[in-house]
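In UniProt numbering, the protein residues as written are 1 to 246.
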């Protein structure tokens, strides 16, 4: 092993075709990237994480900023996809459901939300995102700036928001603009970007993947692993060249 790979992600980093897997599972794309690039993997991820959650994880967890980031030579930003999903409630209301008490009331509220969510999304045309694009760009930029400040020379790779085909998110108007925004952001921040649509869209069209329409099957994990590995190699070369020039 020649280095450390730090991945900040959401559930797409550890979910397979039937549900969540141990993060050490070699079939998961982050593990495949680590293996193919000769690195050890450090993964910070949670279901539903947005770019804002990634920033909070990197700055509020002392293990993240004092152990994981200083030893990483590659950072992969696998967040931003959840940001672009259409929402039916503002984040502060949706995230407050687990705090409802008593438990019986919480279960009723959660069931009502799950039933109403796709209906509201369809009726509103998906105009409300889980996180506004401006906020997504802001927090991703803060992550990159912080990583480059505390770990000079770190190579950075990001992934575009992936497409989905889910009954829970029946509107897709946010996807195209979010991909375009990711490309513009990556160009501004000089970050190597992996395009997920060419990999994920054919799998969705073929009816492969997790039945939830969001998470991926193993062949898709494998293809993404190859694409991210190639991007990591490019970013490492560019970082080394930049360091040599300075």
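Where is the CB? At the ideal position from N, CA and C, for every residue including glycine.
Which term fits residue i, buried or exposed, when burial requires 16 or more other beta carbons within 10 angstroms of its beta carbon?
| i | result |
| --- | --- |
| residue 136 | buried |
| residue 132 | exposed |
| residue 18 | exposed |
| residue 44 | buried |
| residue 63 | exposed |
| residue 92 | exposed |
| residue 177 | exposed |
| residue 192 | buried |
| residue 149 | exposed |
| residue 240 | exposed |
| residue 207 | exposed |
| residue 22 | exposed |
| residue 245 | Reliability of the predicted coordinates at residue 245 is poor, the pLDDT of 42 falling under 50, and no value is obtained from them. |
| residue 111 | exposed |
| residue 180 | exposed |
| residue 145 | exposed |
| residue 47 | exposed |
| residue 61 | exposed |
| residue 38 | exposed |
| residue 90 | exposed |
| residue 30 | buried |
| residue 205 | exposed |
| residue 242 | exposed |
Please look up how many angstroms separate the CB atoms of residue i and residue j, rounded, as I've assumed it's under 8 angstroms.
| i | j | result |
| --- | --- | --- |
| residue 154 | residue 196 | Rounded, the Cβ-Cβ distance is 22 angstroms, inconsistent with contact. |
| residue 194 | residue 147 | Going by Cβ atoms, the distance from residue 194 to residue 147 rounds to 17 angstroms, so no, they are not a contact pair. |
| residue 42 | residue 77 | 14 angstroms between Cβ atoms; not a contact. |
| residue 72 | residue 4 | 5 angstroms |
| residue 129 | residue 87 | 6 angstroms |
| residue 157 | residue 232 | 6 angstroms |
| residue 80 | residue 182 | 6 angstroms |
| residue 209 | residue 220 | 6 angstroms |
| residue 52 | residue 126 | Not really, about 20 angstroms apart at Cβ, beyond 8 angstroms. |
| residue 109 | residue 236 | Between residue 236 and residue 109 the Cβ distance is about 47 angstroms, and since that is not below 8 angstroms, they are no contact. |
Assuming residue i is part of the alpha helix (DSSP H), what are its boundary residues?
| i | result |
| --- | --- |
| residue 263 | The first residue shown for the chain is 1 and the last is 246, placing residue 263 beyond what the model contains. |
| residue 85 | First-last for residue 85: undefined, no H or E at that position. |
| residue 145 | 133-150 |
| residue 172 | No alpha helix (DSSP H) contains residue 172, which DSSP labels as neither H nor E. |
| residue 99 | Careful: residue 99 lies outside any alpha helix (DSSP H) and carries neither H nor E. |
| residue 55 | 51-60 |
Since residue i is in the beta strand (DSSP E), which residue starts that stretch and which ends it?
| i | result |
| --- | --- |
| residue 3 | 3-9 |
| residue 155 | 155-159 |
| residue 74 | 74-78 |
Counting only beta-carbon separations shorter than 7 angstroms, does residue i have a partner in chain B?
| i | result |
| --- | --- |
| residue 6 | The structure shown contains no chain B; it holds only a single protein chain. |
Does the stretch 9-24 come into contact with the stretch 97-111, if we say contact requires no fewer than three beta-carbon pairs (one atom in each stretch) closer than 8 angstroms? They do not touch, by the three-pair rule.
Counting pairs of beta carbons, one from the stretch 20-32 and one from the stretch 51-66, are three or more of them closer than 8 angstroms? Taking a cut-off of 8 angstroms for Cβ pairs, the stretch 20-32 and the stretch 51-66 do not touch, as fewer than three such pairs fall below it.
Can you confirm whether the stretch 58-70 touches the stretch 99-114 when touching is taken to mean that 3 or more C-beta pairs between the two stretches lie within less than 8 angstroms? Inter-segment contact for the stretch 99-114 and the stretch 58-70 is absent: fewer than three beta-carbon pairs are separated by less than 8 angstroms.
Could you check whether the stretch 108-127 touches the stretch 147-163, counting it as contact only if at least three pairs of C-beta atoms, one from each stretch, sit closer than 8 angstroms? No, they do not touch.
Every unbroken alpha helix (DSSP H) inside the stretch 189-223 [4 residues or more]: If one requires a minimum length of 4 residues, the alpha helix (DSSP H) runs lying completely within the stretch 189-223 are 197-205, in chain order.
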